[in-house]
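Reviewing the structure listed below.
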Amino acid sequence: MTHVTSNPPEGTPTWLDIGVPDLDRAKTFYGTLLGWQFQDAGPAAGHYNTCMLRGEPVAGMMQNPEDQPDVYWWNVYFATDDCDGSVKRATDAGGEVVVPAMDVMDLGRMAIVRDPRGGQFGLWQGRALPGSRIVNDPGSFTWNDLFVPGDAGPAREFYEALFGYRIEPMADAEGLDYTTAARPDGRYIGGVLGGEGLVLGGGTEEVASWLTYFAVDDADEAVRRVRAGGGTVDEEPADTPYGRIATVRDPFGVPFRVMKPTPGPES
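In this note's numbering, the protein residues as written are 495 to 761.
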């Protein structure tokens, strides 16, 4: 387990949130699957719910905006020490601003941007809230992959320019166009997969999207809970060198992965 008490280094995935069409149903589904409880910030904050794991914030959830009734996905936020500066670097590198930098009460400063392939993500400059306070532990996120339809080169160059990532081909990718992304200090934070027909999350046949992995104690039991809660299974649990992984969808069709990680050093 990693317990986060201060802002992570630049470019580290640090928060997740999702807009859903039925907040109560989503809370029941994810609460049962991941062991979350929920804190409602009230009407002034649009009933934004903080997803709590053992009393610590790990993600956010809200009713989906009415002008986007059919668009749901887990939005990953990356840590930054300077949200406004990161927004400028993103646009200089060919990105697009979706939500300009703004303060979120005393919690932090955020923005939403898209990479040159349309992959949407957030930036988070933590203040009172550094981000998810538990990561890499059952019930919290443990990895994120960017799925890019077609050529992933422009997306890789964008994230290199924005966060200084070191992009490396993965030796055991078996012919896939898969690269890992590491911070300048060498810590791996996610991956980028390119190829025709990759459509997940908020992506389309032309638009990239991020896919989140949630750590679980038992991938097979997690899949059972997904089905029992009204979700569906795209890929049954399978063993990999990194853990036992399944690709699933919540009751609204939002894809994510559940993963029982192979024991190893905390990341």
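A virtual CB, placed ideally from N, CA and C, is assigned to each residue, including glycine.
Separation of residue j from residue i, as counted between CA atoms
| i | j | result |
| --- | --- | --- |
| Asp-597 | Leu-623 | 12 angstroms |
| Thr-508 | Ala-573 | 6 angstroms |
| Gly-588 | Gly-625 | 26 angstroms |
| Pro-594 | Gly-684 | 25 angstroms |
| Val-720 | Val-570 | 21 angstroms |
| Leu-527 | Thr-674 | 28 angstroms |
| Ile-512 | Val-717 | 20 angstroms |
| Gln-533 | Trp-567 | 20 angstroms |
| Gly-579 | Arg-603 | 12 angstroms |
| Ile-739 | Asp-728 | 11 angstroms |
| Pro-632 | Val-552 | 11 angstroms |
| Lys-754 | Tyr-707 | 10 angstroms |
| Thr-506 | Ala-605 | 15 angstroms |
| Pro-757 | Val-607 | 34 angstroms |
Whole-number beta carbon distance between residue j and residue i, since they are thought to touch under 8 angstroms
| i | j | result |
| --- | --- | --- |
| Pro-515 | Asn-558 | 5 angstroms |
| Phe-635 | Leu-547 | Incorrect: roughly 11 angstroms between the Cβ atoms, too far for contact. |
| Asp-671 | Ala-646 | 6 angstroms |
| Gly-616 | Leu-640 | The Cβ separation is near 14 angstroms, so there is no contact. |
| Arg-611 | Val-701 | 7 angstroms |
| Val-686 | Ala-649 | 6 angstroms |
Three-state secondary structure assigned by DSSP to residue i
| i | result |
| --- | --- |
| Tyr-440 | Because residue 440 is not part of the residues shown, which for the chain are 495 to 761, the question remains open. |
| Pro-594 | strand |
| Leu-601 | coil |
| Arg-718 | helix |
| Leu-670 | coil |
| Ser-703 | strand |
| Gly-685 | strand |
| Glu-760 | Legend: pLDDT at Glu-760 = 46, less than 50; position of this residue unreliable, value from coordinates given subsequently. Glu-760 falls in the coil class under three-state DSSP. |
| Pro-507 | strand |
| Gly-579 | helix |
| Arg-519 | helix |
| Ala-587 | coil |
Residues that DSSP places opposite residue i in a beta bridge
| i | result |
| --- | --- |
| Phe-708 | Phe-635 and Val-752 |
| Cys-545 | Phe-532 and Ala-553 |
| Asp-733 | Arg-738 |
| Ala-675 | Ile-661 and Gly-684 |
CB contact below 7 angstroms: residue i versus chain C
| i | result |
| --- | --- |
| Arg-583 | Here chain C cannot be found, since the structure has a single protein chain. |
Alpha helix (DSSP H) runs wholly inside the region 622-668, at least 4 long, in chain order: With a minimum length of 4 residues, the continuous alpha helix (DSSP H) runs that stay inside the region 622-668 are 647-657.
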